[in-house]
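Q: Residue numbers (numbering that gives the first Met the number 0), protein chains in the order written: chain C, 0 to 292; chain G, 0 to 412.
Where is the CB? At the ideal position from N, CA and C, for every residue including glycine.
What you are looking at is a predicted structure, and each value in this text was computed from that prediction instead of being measured.
Sharing a structure here in structure tokens format.
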Amino acid sequence: MFSFELLLDAVVIGVLLGCFYAAVSLGLSIAFGLLDVPHVAHPAFLVLAAYAVYFLNEYYGVDPLLAGLMITPLFFLFGLVAYRLYYETFEKRGSDAGVRGIAFFFGIAFIIEVLIILQFGVDQRSVTADYVGKAWRLGDMRIPFRLVVAFVVAVGLTVLLTLYLSRTFMGRAIRAVAQDQEALRLMGANPIRIKQWAFGIATAVLGIAGALLIIVAPVEPTLDRAYIGRTFCVVVMAGLGSMSGTLVAAIILGVAETVVLTLFGASWAPAISFAMLLGVLAVRPQGLFGRRS
Amino acid sequence: MKRRTLLGGTVAAALLGLASAALAQQPIKIGMSMAQTGGLAGGGKASLLGIEVWRDDVNARGGLLGRKVELVVYDDKSSASETPAIYSKLLDVDKVDILFAPYATVPTAPLMPLVKQRGMLLIGNFSFQVNSKVGHDMWFNNAPWGPADSWASSFLDLGQKAGGKTIALLAADQEFAQNLAKTAREVATKLGMQVVFDQAYPPSTVEFSGILRALKAAKPDIVYVASYPPDSAGILRAVNEIGIGDNVKLFGGGMVGLQFGTVMENLGSLLNGVVNYNTWLPEPAMYHEGTKAFFETYTKRAVEAKVDPLGYYLAPYGYASGQMIEQAIKAVGSLDQKALAKYLRENTHKTIVGSITFSADGEWKESGVVQAQFRGIKDKNIEQFRSPGKQVILFPAKLKSGDLITPFEAARK
Numbered sequence: 000m001f002s003f004e005l006l007l008d009a010v011v012i013g014v015l016l017g018c019f020y021a022a023v024s025l026g027l028s029i030a031f032g033l034l035d036v037p038h039v040a041h042p043a044f045l046v047l048a049a050y051a052v053y054f055l056n057e058y059y060g061v062d063p064l065l066a067g068l069m070i071t072p073l074f075f076l077f078g079l080v081a082y083r084l085y086y087e088t089f090e091k092r093g094s095d096a097g098v099r100g101i102a103f104f105f106g107i108a109f110i111i112e113v114l115i116i117l118q119f120g121v122d123q124r125s126v127t128a129d130y131v132g133k134a135w136r137l138g139d140m141r142i143p144f145r146l147v148v149a150f151v152v153a154v155g156l157t158v159l160l161t162l163y164l165s166r167t168f169m170g171r172a173i174r175a176v177a178q179d180q181e182a183l184r185l186m187g188a189n190p191i192r193i194k195q196w197a198f199g200i201a202t203a204v205l206g207i208a209g210a211l212l213i214i215v216a217p218v219e220p221t222l223d224r225a226y227i228g229r230t231f232c233v234v235v236m237a238g239l240g241s242m243s244g245t246l247v248a249a250i251i252l253g254v255a256e257t258v259v260l261t262l263f264g265a266s267w268a269p270a271i272s273f274a275m276l277l278g279v280l281a282v283r284p285q286g287l288f289g290r291r292s
Numbered sequence: 000m001k002r003r004t005l006l007g008g009t010v011a012a013a014l015l016g017l018a019s020a021a022l023a024q025q026p027i028k029i030g031m032s033m034a035q036t037g038g039l040a041g042g043g044k045a046s047l048l049g050i051e052v053w054r055d056d057v058n059a060r061g062g063l064l065g066r067k068v069e070l071v072v073y074d075d076k077s078s079a080s081e082t083p084a085i086y087s088k089l090l091d092v093d094k095v096d097i098l099f100a101p102y103a104t105v106p107t108a109p110l111m112p113l114v115k116q117r118g119m120l121l122i123g124n125f126s127f128q129v130n131s132k133v134g135h136d137m138w139f140n141n142a143p144w145g146p147a148d149s150w151a152s153s154f155l156d157l158g159q160k161a162g163g164k165t166i167a168l169l170a171a172d173q174e175f176a177q178n179l180a181k182t183a184r185e186v187a188t189k190l191g192m193q194v195v196f197d198q199a200y201p202p203s204t205v206e207f208s209g210i211l212r213a214l215k216a217a218k219p220d221i222v223y224v225a226s227y228p229p230d231s232a233g234i235l236r237a238v239n240e241i242g243i244g245d246n247v248k249l250f251g252g253g254m255v256g257l258q259f260g261t262v263m264e265n266l267g268s269l270l271n272g273v274v275n276y277n278t279w280l281p282e283p284a285m286y287h288e289g290t291k292a293f294f295e296t297y298t299k300r301a302v303e304a305k306v307d308p309l310g311y312y313l314a315p316y317g318y319a320s321g322q323m324i325e326q327a328i329k330a331v332g333s334l335d336q337k338a339l340a341k342y343l344r345e346n347t348h349k350t351i352v353g354s355i356t357f358s359a360d361g362e363w364k365e366s367g368v369v370q371a372q373f374r375g376i377k378d379k380n381i382e383q384f385r386s387p388g389k390q391v392i393l394f395p396a397k398l399k400s401g402d403l404i405t406p407f408e409a410a411r412k
């Protein structure tokens with residue numbers, strides 16, 4: 000049942016969906032890609048942000064994107080505290096910090112899940128906005144507005160983060176700490192404070208990403224589990240720590256998923272994305288855009 | 000010596016009396032696991048609240064066999080891997096007297112060999128065909144599904160009467176949805192319908208625009224969807240955004256989630272025109288003795304417990320499970336599992352969801368599933384679903400409250 004029209008449609012939707020995947024993975028690209036923090040609670044933070052956006056939208060009528068912006072400073076602070084806690088209890092203590100760190104972040108993810116259930120119950124929630132539920136007509140093609148919003152926001156976020164990491168002093172310091180923590184220490188800078196700041200930024204990005212999550216589809220407390228695989232897949236495939244690489248990898252993943260879903264059968268979609276990840280790791284272990292170390 | 004024996008006898012008799020009095024005061028324990036977290040929790044919590052309302056009612060009436068009724072409940076996290084251990088604990092540590100099954104097919108399926116081996120009665124809770132291969136003769140599934148194919152045939156019959164000749168099947172890649180899709184395929188063949196699109200999507204699917212675009216290209220007359228709550232919402236949104244084509248006469252069938260209050264509230268007008276299965280609706284023919292009183296109590300308690308405020312789908316069936324076991328224990332006069340099973344198998348039970356009779360495989364003898372069409376639904380208003388006419392019953396004939404509006408695009412307006 001192949002048709003060129005369907006393929007074109009799938010590619011367009013795939014690019015938009017990929018941009019959405021990029022938006023929800025950018026934070027992890029900083030936390031895991033640059034800082035080496037095994038942040039498996041990243042999707043749980045994301046769902047928490049989505050619920051915060053839901054709260055502001057449902058009870059105060061705030062536009063979801065604006066609500067996402069509003070919670071960004073709070074999430075920045077939350078990130079600072081979370082990293083400090085992680086550093087003091089795990090990272091400081093030595094070599095097996097990675098494995099124990101995973102346990103720490105899994106624990107945090109479960110706590111967040113339970114807190115959301117206690118506060119909002121287990122039912123799924125969604126937001127209302129003018130751009131949710133409508134589509135843009137392009138000839139025979141119809142493109143959901145919510146995906147266009149995700150596209151614009153994701154591209155904007157990628158550009159902003161790339162500029163921040165390359166043009167500002169703090170941004171360069173973050174990249175420096177990713178490359179050689181000891182060297183930075185010898186220069187008299189405190190790598191831990193820089194990492195804490197970077198983790199704050201990674202978490203702040205989730206404010207907006209959480210807004211996109213609930214704009215694109217309804218959320219429920221355990222939704223984070225569906226995103227652990229996808230976000231790590233995007234970050235690893237991109238090459239750890241590359242922002243524009245994250246966007247491109249996410250788009251590749253989105254297009255692959257949608258094309259397979261539309262043309263070959265939906266059950267193959269998740270297998271294809273992870274097969275691609277394996278393929279990339281086999282050919283370029285450093286990821287598509289990663290530097291060889 | 001004689002005197003001493005007499006004294007000993009008196010003391011022993013007194014102790015025995017005390018012991019049996021103590022036993023009489025011990026509650027009757029009903030054990031179960033129920034999803035309180037995870038994907039099935041929305042349904043699990045409502046179901047449990049229905050059972051709790053029954054427990055409080057029966058205890059207010061003085062309990063059963065002169066003993067209070069107590070529920071022993073554990074969270075199975077919606078997972079099939081949790082339930083066998085929980086039920087072993089219920090039997091060996093908590094020593095419960097009666098077992099109720101957890102909500103839904105997936106957590107119940109792995110329990111069946113255990114309860115069969117232990118010779119325990121099990122009251123099922125909305126499972127679909129979990130006993131078909133195990134053949135446990137003390138299984139009583141309190142779910143209105145009835146014979147395996149009745150679900151799909153009721154929907155496809157409606158479609159055929161509306162002039163449908165081709166069918167598209169879209170089903171989640173999970174046990175329950177796949178069972179529905181399988182029966183739909185069989186029924187379609189029987190009715191001489193052509194399946195023009197048949198896809199299973201993985202449970203983690205985020206975006207349905209692509210799938211629906213492909214479905215639309217196949218130009219089906221009938222679209223049968225077997226989906227789970229998060230996907231149902233995603234599918235309806237995508238239908239609204241990209242359309243489904245003018246030739247579709249009937250859309251829906253087996254979408255889980257469209258029975259839950261908050262989901263219906265969130266989807267609002269997107270629901271219009273969808274024909275979907277249901278188990279209880281506030282239409283006049285669905286009220287039986289005690290139904291109204293039950294919903295009055297449930298509605299009050301659901302708000303406090305942050306549980307589905309409508310609770311139509313599962314809660315009354317939870318209460319009805321209690322009513323059945325209550326009638327059985329009263330009639331048999333003991334907790335003997337075999338005797339209770341015999342009573343449940345051979346009698347018709349009057350409950351708030353109607354009269355229930357079981358067939359030999361432990362399923363309802365007659366299907367009680369209704370197919371209803373959403374009409375005139377507005378956005379963001381949960382209270383509207385409490386009035387009749389919002390979900391018009393098209394099937395079965397004895398409960399019918401209106402006719403199908405077709406094609407689907409016309410019904411959506």
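Tell me which residues share the same chain as G/GLU345 and place their Cβ nearer than 6 Å to its Cβ, disregarding the 5 neighbours each side in the sequence.
A: Locating residue 345 of chain G in the second sequence gives position 346, counting from the first residue. Within the same chain, G/GLU345 has no close Cβ partners at all.
Q: Is the Cβ-Cβ distance between C/LEU33 and C/ALA210 less than 8 Å?
A: Numbered from 1 along the first sequence, position 34 holds the residue referred to as residue 33 of chain C. Numbered from 1 along the first sequence, position 211 holds the residue referred to as residue 210 of chain C. No, these two residues do not count as a Cβ contact at 8 Å.
Q: What does G/GLN198 touch in chain C if you count any residue whose Cβ is under 7 Å from its own?
A: For the purposes of this step, residue 198 of chain G is taken as the residue at position 199 of the second sequence. Simply GLY264, ALA265.
Q: Return the residue from the list G/ARG385, G/ASN265, G/ILE221, G/GLN35 that minimises the CA-CA distance to G/GLY163.
A: Position 164 of the second sequence, counting from 1, holds the residue named residue 163 of chain G. G/GLY163 has its Cα closest to that of G/ILE221, out of G/ARG385, G/ASN265, G/ILE221, G/GLN35.
Q: If you drop the 5 nearest sequence neighbours on each side, which residues of the same chain put their C-beta closer than 6 Å to that of G/GLN193?
A: The count along the second sequence starts at 1 and reaches residue 193 of chain G at position 194. Excluding residues within five positions, the ones whose Cβ falls inside 6 Å are THR165.
Q: Ends of the alpha helix (DSSP H) at G/ASP56?
A: Reading the second sequence from its first residue, position 57 is the one you call residue 56 of chain G. First-last of the alpha helix (DSSP H) with G/ASP56: 40-59.
Q: In this structure, what does DSSP give as the bridge partners for G/TYR200?
A: If you number the second sequence from 1, residue 200 of chain G lands on position 201. Note: G/TYR200 sits in a beta bridge opposite G/ALA171.
Q: Just by C-beta distance, which residues in the segment 104-116 of chain G are closer than 7 Å to chain C?
A: Correct list: empty, as no residue qualifies.
Q: Mapping DSSP to helix, strand and coil, what is G/THR298?
A: As a first step, residue 298 of chain G must be located in the second sequence, where it is residue number 299. Looking at G/THR298 - three-state DSSP - the assignment turns out to be helix.
Q: What residue from C/TRP267, C/PRO217, C/ALA216, C/LEU15 has the CA that sits closest to G/PRO201's CA?
A: On the second sequence, residue 201 of chain G is found 202 positions in, with the first residue counted as 1. Per the Cα distances, C/TRP267.
Q: Find the residues of chain C that neighbour G/PHE259, judging by a C-beta separation of less than 7 Å, and give them in chain order.
A: Mapped onto the second sequence, residue 259 of chain G falls at position 260. Residues of chain C passing the Cβ test: ASP122.
Q: Residues in the segment 213-236 of chain G with C-beta within 9 Å of chain C's C-beta atoms, listed in sequence order?
A: Listed by position along the chain: ALA213, ALA216, ALA217, PRO228, PRO229, ALA232, GLY233, ARG236.
Q: Can you tell me whether G/GLU264 is buried or exposed? The criterion is at least 16 other CB atoms within 10 Å of its CB, across all chains shown.
A: In the second sequence, residue 264 of chain G corresponds to position 265, counting from 1. With 16 or more Cβ atoms within 10 Å of its Cβ, G/GLU264 is classed as buried.
Q: So, helix, strand or coil for G/VAL68, using DSSP?
A: To locate residue 68 of chain G, count along the second sequence from 1; it is residue 69. Looking at G/VAL68 - three-state DSSP - the assignment turns out to be strand.
Q: In or out: C/LEU7 buried (at least 16 other Cβ within 10 Å) or exposed?
A: Here the question's residue 7 of chain C lines up with position 8 in the first sequence. Exposed: under 16 other Cβ atoms inside 10 Å.
Q: Any idea what DSSP makes of C/VAL215, helix, strand or coil?
A: Numbered from 1 along the first sequence, position 216 holds the residue referred to as residue 215 of chain C. Reduced to three states, the DSSP call for C/VAL215 is helix.
Q: With 16 as the cutoff for other CB atoms within 10 Å, does G/ALA409 come out buried or exposed?
A: In the second sequence, counting from the first residue as 1, residue 409 of chain G sits at position 410. That one is exposed.
Q: Residues of chain G with CB closer than 8 Å to the CB of C/ILE12, please, in chain order.
A: Along the first sequence, read from residue 1 onward, the residue named residue 12 of chain C stands at position 13. Neighbours of C/ILE12 on chain G, chain order: GLU206, SER208, GLY209, ARG212.
Q: Can you name, in chain order, every residue of its own chain whose Cβ lies under 6 Å from the Cβ of C/LEU15, other than the five neighbours on each side?
A: Here residue 15 of chain C refers to the residue found at position 16 when the first sequence is read from its first residue. So the list reads LEU146, PHE150, once near-sequence residues are dropped.
Q: Could you confirm whether any beta carbon from chain G is found closer than 8 Å to the beta carbon of C/ASP8?
A: Taking the first residue of the first sequence as position 1, residue 8 of chain C is located at position 9. It does: the Cβ of C/ASP8 has a partner Cβ on chain G nearer than 8 Å.
Q: From C/LEU164 to C/ALA203, what distance separates their C-alpha atoms?
A: Within the first sequence, the letter at position 165 stands for residue 164 of chain C. Within the first sequence, the letter at position 204 stands for residue 203 of chain C. When rounded, the distance between both Cα atoms is 15 Å.
Q: Under the three-state reduction of DSSP, which class applies to G/TRP279: helix, strand or coil?
A: Position 280 of the second sequence holds residue 279 of chain G. If DSSP states are grouped into helix, strand and coil, G/TRP279 belongs with coil.
Q: From G/LEU214 to G/GLN198, what distance separates their C-alpha atoms?
A: Taking the first residue of the second sequence as position 1, residue 214 of chain G is located at position 215. Taking the first residue of the second sequence as position 1, residue 198 of chain G is located at position 199. The straight-line gap from Cα to Cα measures roughly 9 Å.
Q: Tell me G/ASN140's beta-bridge partners as DSSP assigns them.
A: The residue given as residue 140 of chain G occupies position 141 in the second sequence. Per DSSP, G/GLY123.
Q: Got a sec, what are the start and stop residues for the alpha helix (DSSP H) G/THR350 sits in?
A: For the purposes of this step, residue 350 of chain G is taken as residue 351 along the second sequence, with counting starting at 1. First-last for G/THR350: 348-350, but that is the beta strand (DSSP E), not the alpha helix (DSSP H).
Q: Taking only the alpha-carbon atoms, compute the straight-line gap between C/ALA265 and G/ILE85 and give it to the nearest angstrom.
A: If you number the first sequence from 1, residue 265 of chain C lands on position 266. If you number the second sequence from 1, residue 85 of chain G lands on position 86. Taking the straight line joining both Cα atoms gives about 35 Å.
Q: Would you kindly check if the distance between the Cβ of G/LEU113 and the Cβ of G/ALA100 is under 8 Å?
A: Mapped onto the second sequence, residue 100 of chain G falls at position 101. Mapped onto the second sequence, residue 113 of chain G falls at position 114. No.
Q: Answer with buried or exposed for G/MET449, where buried requires no fewer than 16 other C-beta atoms within 10 angstroms of its C-beta.
A: The question about residue 449 of chain G has no answer here: the residues shown for chain G are numbered 0 through 412.
Q: Can you pull the chain C residues whose beta carbon is under 8 Å from the beta carbon of G/GLU303, in chain order?
A: Translated into positions along the second sequence, residue 303 of chain G becomes position 304. Correct list: empty, because the minimum Cβ distance to chain C is about 12 Å.
Q: Does C/LEU239 come out as helix, strand or coil in the three-state DSSP assignment?
A: Your numbering for residue 239 of chain C matches position 240 in the first sequence. Coil, per DSSP.
Q: Quick one, which of C/ALA274, C/VAL11, C/PRO269 has its alpha-carbon nearest G/ASP172's?
A: Locating residue 172 of chain G in the second sequence gives position 173, where the first residue counts as 1. Out of C/ALA274, C/VAL11, C/PRO269, C/PRO269 has the C-alpha closest to the C-alpha of G/ASP172.
Q: C/TYR130: which of C/VAL233, C/ALA43, C/VAL215 sits nearest, CA to CA?
A: Here residue 130 of chain C corresponds to residue number 131 of the first sequence, with the count starting at 1. For C/TYR130, the nearest C-alpha among the options comes from C/VAL215.
Q: Look at the alpha carbon of C/ALA255 and the alpha carbon of C/PRO42, and state the distance between them as a whole number of angstroms.
A: Residue numbering aside, residue 255 of chain C sits at position 256 when the first sequence is read from its first letter. Residue numbering aside, residue 42 of chain C sits at position 43 when the first sequence is read from its first letter. Rounded to the nearest angstrom, the two C-alpha atoms are 22 Å apart.
Q: For G/MET192, which residues does DSSP report across the bridge?
A: As a position in the second sequence, residue 192 of chain G is number 193, starting the count at 1. Paired residue(s): none; G/MET192 is not in a bridge.
Q: Indicate whether at least one CB of chain G lies closer than 8 Å to the CB of C/GLY132.
A: By one-based count along the first sequence, residue 132 of chain C stands at place 133. Taking Cβ atoms only, chain G reaches closer than 8 Å to C/GLY132, which makes this a yes.
Q: Compile a chain-ordered list of the residues in the segment 280-295 of chain G whose CB is closer than 9 Å to at least one CB of chain C.
A: Residues passing the 9 Å Cβ filter: none.
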